Amino acid sequence: MEETIQPKFSEPVFNRSHGRLLMPENRYWPTRMWKNPWSLPTYRRGAAVLAGLLSGAAGAAWLLGEIGPRVAPLYSMAEQYALSYGIPLFLVQTAWTVIKAAVLLAVPLVNALFAVWWERKISAHMQSRMGPMYVGRWHGALQTIADGIKLFLKEDLVPESADKIVHLLAPVAVIIPAILVFAPIPFGRELVYADLDIGTVYVFAVGGVSVMGIIMAGWASGNKFSLLGGLRSAAQLVSYELPRTFSVIPVIMLAGTLNLSAIAGLQAGYWGGVLPRWFIFYPVVGQVAFVVFLIASVAETNRIPFDIPEAESELVAGFNTEYSGMKFALFFLSEFAYVLLSCLLMAAFFFGGGEPPLPFLGFLPSWAWFLGKTLVLMFCFLWFRWTFPRFRVDRLMDFNWKFLLPVSLLNIAAAGVLIWFLDCWAAGLLGG
Amino acid sequence: MKNYILFVSEAFWNTLKGLWVTLKVLFLPAITVQYPTEKLVPYPRFRGMLAYDAEACIACGMCVRACPSKCIALAKAMPVPQQELCSSSGQPVSPEGKRVPKIEWYTIDYGRCNFCGLCEEACPTKTKALWHSLDFEAVFSTREEMTRRWKRGDDLWGTARRSADGQFSAVADQIHIQDVPVRK
Chain A
1 MEETIQPKFS EPVFNRSHGR LLMPENRYWP TRMWKNPWSL PTYRRGAAVL AGLLSGAAGA
61 AWLLGEIGPR VAPLYSMAEQ YALSYGIPLF LVQTAWTVIK AAVLLAVPLV NALFAVWWER
121 KISAHMQSRM GPMYVGRWHG ALQTIADGIK LFLKEDLVPE SADKIVHLLA PVAVIIPAIL
181 VFAPIPFGRE LVYADLDIGT VYVFAVGGVS VMGIIMAGWA SGNKFSLLGG LRSAAQLVSY
241 ELPRTFSVIP VIMLAGTLNL SAIAGLQAGY WGGVLPRWFI FYPVVGQVAF VVFLIASVAE
301 TNRIPFDIPE AESELVAGFN TEYSGMKFAL FFLSEFAYVL LSCLLMAAFF FGGGEPPLPF
361 LGFLPSWAWF LGKTLVLMFC FLWFRWTFPR FRVDRLMDFN WKFLLPVSLL NIAAAGVLIW
421 FLDCWAAGLL GG
Chain B
433 MKNYILFVSE AFWNTLKGLW VTLKVLFLPA ITVQYPTEKL VPYPRFRGML AYDAEACIAC
493 GMCVRACPSK CIALAKAMPV PQQELCSSSG QPVSPEGKRV PKIEWYTIDY GRCNFCGLCE
553 EACPTKTKAL WHSLDFEAVF STREEMTRRW KRGDDLWGTA RRSADGQFSA VADQIHIQDV
613 PVRK
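From first to last, the protein sequence lines stand for chains A and B. Taking the numbering used here, the leading residue of the first sequence gets 1, the next gets one more, and so forth. Taking the numbering used here, the leading residue of the second sequence gets 433, the next gets one more, and so forth.
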């Protein structure tokens, strides 16, 4: 007589409510999973969530409408209100300027909060990981805030050999230009803090001041790696400033103005009702100028593949090495502020600012288009960072002086030819 | 000049190829297993923690001899009086008609076990009394805990000596992947 012995397992302790066991037949295995990702329910759900987020953001932008034209009436309303109470006008103007400055100051802060999380998620998914998943419940949405609090509570270390005052001032010298530089940037139609006529020159001039802070940081740390990082940074930023500025000159030649919002506004309209009149669509000149500007911007913001000033594997972290806590956070903030600035500039110079890419998409407000273009360009920055290895120092200089600079100079000449051609065409000298 | 243009265009093309690879992977699902909430169940031939059935064991000691690291020890139970034997199956049977284990105690020292599976191979009973389960989540905080002990009536995972009071108790703080109890 055969008796069957049931194995007496104790009850599984594994939490079935919010956990799951992956059985061998449907276990995670990339070669099998990547053949048909749409068969995975989690993948379909993720795609649906992404589409919902995008359309929700578009709907919110549509409901909000244009912000720029509504600001001036708000100010005149406040002015009249103040006059009726006998408050002097200069007080109102001062308060208005302070409010505008506070809003402008929030731009790099909010940008850093979002961009750090976005970078971590993008980098993780490019490496088939997930990135932060716990803080903030939904895909680590509050991870950056937790990191910020951590940095805020961290001990502020000043090395023994450091020059104390310069060490303290360096992050300030880096962050102040990074905030000031946003003043003439148009964030949409009529949505600009200071509508400078020399906006382009102002942006490049003020943005260049941050190099000083980086050299200060490298020098004051009293550390050979920091000093090397600072010097490399100086060499790199000064060299790449040239092709970066030269690549914008064709745009300025075509637009005939240095005012950033005017340059963005000039690109309204469509060729043949389909192709937008963006500067990137000007034959050859526009594309070359954009590529050179993009590469030089990546180099200007010290990001991989041009991150030799803060190369972790060779210089520890370059000029960042001796900084901790909020001082480090300021460097970090300024780096992401410059990334945002480069993307905003590219959107304004080459992608028509707030102009929609197709005529029927004009129902979305201009700031939404500006933001969308900026985010797509920012994605390019992250994309480059997680694709390319770092340049060697000499190759970096070769690339700049032997490729980018001649190409951008040639591009200026080509822009002259293009303008002559367009003038002839407009005057009816070509093809009747 | 021709070489220069060729070099530049080739570099440009290779750059685009690299960008394509990362973009492709970006839109493919991640392969991460979120461990505490998601667990991989190993393949059936996985050699995990040893499970021991005190009622199937005939206390022959084959596993003790097979073990290369000598981590298994056992003691036979005292012989059962003749009048309680049931002649039908040759197994000792208790007055209630159930089988009585032939084992007094059985220990496995996981500090020495190398999970080779020879003890399971050597076990002569028809349903193995000792076998590798799929459990890979054993946790030991002291050396004493690494010795698992089984007596009559213990479950498959045995008991371990608590370092706090020196008493043997069931292994409670261990999470088991035990939905797939492979038993040959």
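Here a beta-carbon is modelled for each residue, glycine too, at the ideal position from N, C-alpha and C. Computed from a prediction, not measured in an experiment: that's the story for all the values here.
Taken through DSSP and simplified to helix, strand or coil, B:W452 comes out as helix. What B:A462 touches in chain A, judged by beta-carbon distance under 8 Å, is A124, H125, S128, R129 and M130, going in chain order.
Just measuring C-alpha positions, the residue of A:L275, A:A60 and A:D156 sitting nearest A:F360 is A:L275.
For B:A507, the enclosing beta strand (DSSP E) starts and ends at I504 to K508. Using a Cβ distance threshold of 9 Å, A:S247 and A:N411 count as a contacting pair.
If the five residues before and after A:Q287 are omitted, its C-beta is found closer than 8 Å to the C-beta atoms of I280, all from its own chain and listed in chain order. Counting other Cβ atoms within 10 Å of its Cβ, A:C424 stays below 16 and is therefore classed as exposed. Just so you know, the alpha carbons of A:T200 and A:L341 end up roughly 12 Å apart. In this structure, the straight-line span from the alpha carbon of A:A317 to that of A:I215 is close to 14 Å. Nearest neighbour of A:N259 by Cα position, chosen from A:I185, A:L153, A:R129 and A:A124, turns out to be A:I185. Residue nearest to A:I252 within the set A:G188, A:F349 and A:L294 is A:F349 (criterion: CA-CA distance). Taking a 10 Å sphere around the C-beta of A:L418, we find 16 or more other C-beta atoms and assign the residue as buried. A straight line joining the alpha-carbon of B:E553 with that of A:L53 spans about 57 Å. Taking the CA atoms as reference points, A:F332 sits about 35 Å from A:A268. Contact annotation for B:V571 against chain A: no contact, minimum CB-CB distance about 12 Å [criterion: below 9 Å].
Excluding sequence positions up to five before and after B:I463, its CB lies less than 8 Å from no other CB in the same chain. A:L40 belongs to the set of residues whose beta carbon lies under 9 Å from a beta carbon in chain B. By the rule that beta-carbons nearer than 9 Å mark a contact, A:W386 touches chain B.
A:S128 is bridged by DSSP to nothing; it lacks a bridge partner. Taken through DSSP and simplified to helix, strand or coil, B:E536 comes out as strand. The continuous stretches of alpha helix (DSSP H) do not include B:A488, and DSSP gives it neither H nor E. A:V211 sits close to A:V238, with the two beta carbons spaced by under 9 Å.
Between the region 303-316 of chain A and the region 368-379 of chain A, the count of C-beta pairs closer than 8 Å stays below three; the two stretches do not touch.
Collapsing the DSSP output to three states places B:A596 in coil.
When Cβ-Cβ separations below 9 Å define contact, A:W219 makes no contact with chain B. The continuous alpha helix (DSSP H) containing A:H167 extends over residues K164 to L180. One alpha carbon belongs to B:M578, the other to A:P309, and they sit about 51 Å apart. Bridge partners of A:Y270 according to DSSP: A:P276.
A contact is defined here as three or more CB-CB pairs under 8 Å, and the region 128-135 of chain A fails this definition with respect to the region 173-185 of chain A. Chain-order list of chain A residues neighbouring B:Q466: M130 and M133, by C-beta distance under 8 Å. At a Cβ-Cβ threshold of 9 Å, B:C495 and B:C551 count as neighbours. Taken through DSSP and simplified to helix, strand or coil, B:L588 comes out as coil.
For B:T454, at least one C-beta of chain A is nearer than 9 Å to its own C-beta.
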